[in-house]
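See below for the structure under consideration.
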Ligand code: ATP
């Protein structure tokens, strides 16, 4: 009985937190940590961040021992560079980002940041250097200013406005009658997926973490929104070690390396140009996506003519 009541209480606690709007995705991870098997090693040290170089070595991982998800993945994200992970749905792309955040421990291999294994450092120090722009941002039931300020509570108002500017959301905010004081969330203004993502980007720009994980939304965006988000992402990932879980072409093209995951292994890797030239899985994914986008654009044009 005791075993059952604890998790139920815990779920109730998380639920209330969400209802009260006290929770965003990073806090959610911290909350879930309570039930997760991942704990700090007894002699865990503070992570000493240098240039922020990431190294995945022969990483093997399964949520369920019967079903391996990652079967020996090795790649580096050199300091300040951007690596994009692409591949079919379910290939394990988001799993890689969860492992870097040490939401789960790997079965074998290693993940290091500036030479320090993520299992040897405190989770608090690990998570303080990683900024996460998740697929679906949960905003606080509070003002836009509060939601951005949260990235770095000691930031000035001018910093908050500069971050909103860099995230390409300040134009939108300026048109609202209450501007930065507009209430958002459940009881406030409902923002679109793209707007919410830009608020999350502004928050991350303010936090200025040395390492960034961008988990792109799968949902299709119109070309204009996609361009706005892309230029916001370019600002936030510039000179910052960035791992992009990519679903859209625009983010992938500029990456220093693209890793194509398939069935838990790296099927191909290289730059956009080299992968296109080799006419493999990436090249076919790319032409399929491009056809889909062109078809969508034609459809939009036809609708606009009506
Ligand atoms: P998508 O492009 O659809 O987002 P993905 O490549 O990011 O997919 P992951 O989210 O990493 O895929 O999931 C990889 C596999 O692991 C999937 O088959 C998924 O069902 C499984 N999986 C993900 N999370 C869990 C979990 N918490 N417990 C058990 N299995 C999981």
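In UniProt numbering, the protein residues as written are 311 to 616. We put the beta carbon where it would ideally sit given N, CA and C, even for glycine. Being a predicted model, the structure only gives us computed values, none of them experimental.
CA-CA distance, residue i and residue j?
i           : j           : result
residue 401 : residue 379 : 7 angstroms
residue 343 : residue 587 : Legend: pLDDT at residue 343 = 45, less than 50; position of this residue unreliable, value from coordinates given subsequently. Going from the Cα of residue 343 to the Cα of residue 587 covers about 44 angstroms.
residue 449 : residue 410 : 23 angstroms
residue 386 : residue 435 : 21 angstroms
residue 430 : residue 522 : 20 angstroms
residue 547 : residue 444 : 14 angstroms
residue 576 : residue 383 : 7 angstroms
residue 377 : residue 503 : 33 angstroms
residue 403 : residue 375 : 18 angstroms
residue 550 : residue 362 : 8 angstroms
residue 357 : residue 498 : 39 angstroms
residue 373 : residue 484 : 45 angstroms
residue 406 : residue 427 : 15 angstroms
residue 488 : residue 465 : 21 angstroms
residue 482 : residue 467 : 18 angstroms
residue 581 : residue 555 : 15 angstroms
residue 496 : residue 460 : 18 angstroms
residue 565 : residue 608 : 28 angstroms
residue 287 : residue 368 : Residue coverage of the chain in this structure runs from 311 to 616, which leaves residue 287 outside it and unanswerable.
residue 408 : residue 604 : 33 angstroms
residue 616 : residue 393 : 42 angstroms
residue 457 : residue 552 : 23 angstroms
residue 525 : residue 585 : 22 angstroms
residue 606 : residue 558 : 14 angstroms
Take residue i and list the residues in its own chain whose beta-carbon comes closer than 8 angstroms to its own, dropping the five residues that flank it on each side.
i           : result
residue 480 : 471, 474
residue 560 : 536, 537, 540
residue 469 : 462, 516
residue 501 : 449, 494, 509
residue 439 : 357, 359, 362, 423, 519, 520, 521
DSSP on residue i, reduced to helix/strand/coil?
i           : result
residue 567 : strand
residue 612 : helix
residue 544 : helix
residue 332 : Reliability fails at residue 332, whose pLDDT of 45 lies under 50, so the model's placement of it is uncertain and the value that follows must be treated cautiously. Residue state, collapsed to three classes: coil.
residue 426 : strand
residue 368 : strand
residue 572 : strand
residue 449 : coil
residue 467 : helix
residue 388 : coil
residue 512 : helix
residue 562 : helix
residue 475 : helix
residue 579 : strand
residue 480 : helix
residue 395 : strand
residue 485 : coil
residue 407 : helix
residue 343 : Reliability fails at residue 343, whose pLDDT of 45 lies under 50, so the model's placement of it is uncertain and the value that follows must be treated cautiously. Note: residue 343 maps to coil in three-state DSSP.
residue 379 : coil
residue 361 : coil
residue 441 : strand
residue 315 : In this prediction, residue 315 has a pLDDT of 44, which is less than 50 and means its spatial position is unreliable; what the coordinates show is noted afterwards. Of the three classes helix, strand and coil, the one that applies to residue 315 here is helix, per DSSP.
residue 501 : coil
residue 523 : strand
residue 539 : helix
residue 586 : helix
residue 552 : strand
residue 416 : coil
Considering only residues of the same chain and omitting the five flanking positions on each side of residue i, which have a CB-CB separation below 6 angstroms?
i           : result
residue 418 : 370
residue 415 : 348
residue 545 : 476
residue 491 : 453
residue 626 : No information on residue 626 is available, as it lies outside the stretch 311 to 616 that the chain covers here.
residue 590 : 578
residue 355 : 431
residue 441 : 514, 517, 519, 522
residue 486 : 492
residue 391 : 566
Enumerate in chain order the residues of its own chain whose CB-to-CB distance from residue i is below 7 angstroms, with the five nearest sequence positions on each side excluded.
i           : result
residue 613 : none
residue 366 : 383, 384, 385, 421
residue 350 : 432, 433
residue 455 : 470, 490, 491
Taking 5 angstroms as the limit, tell me which residues put their C-beta closer than that to any heavy atom of the ligand ATP, in chain order.
373, 379, 399, 400, 401, 402, 403, 404, 405
Three-pair Cβ contact test at 8 angstroms for the segment 570–577 versus the segment 391–399:
yes
Should the segment 584–598 be called in touch with the segment 420–429, which here means at least 3 C-beta pairs below 8 angstroms?
no
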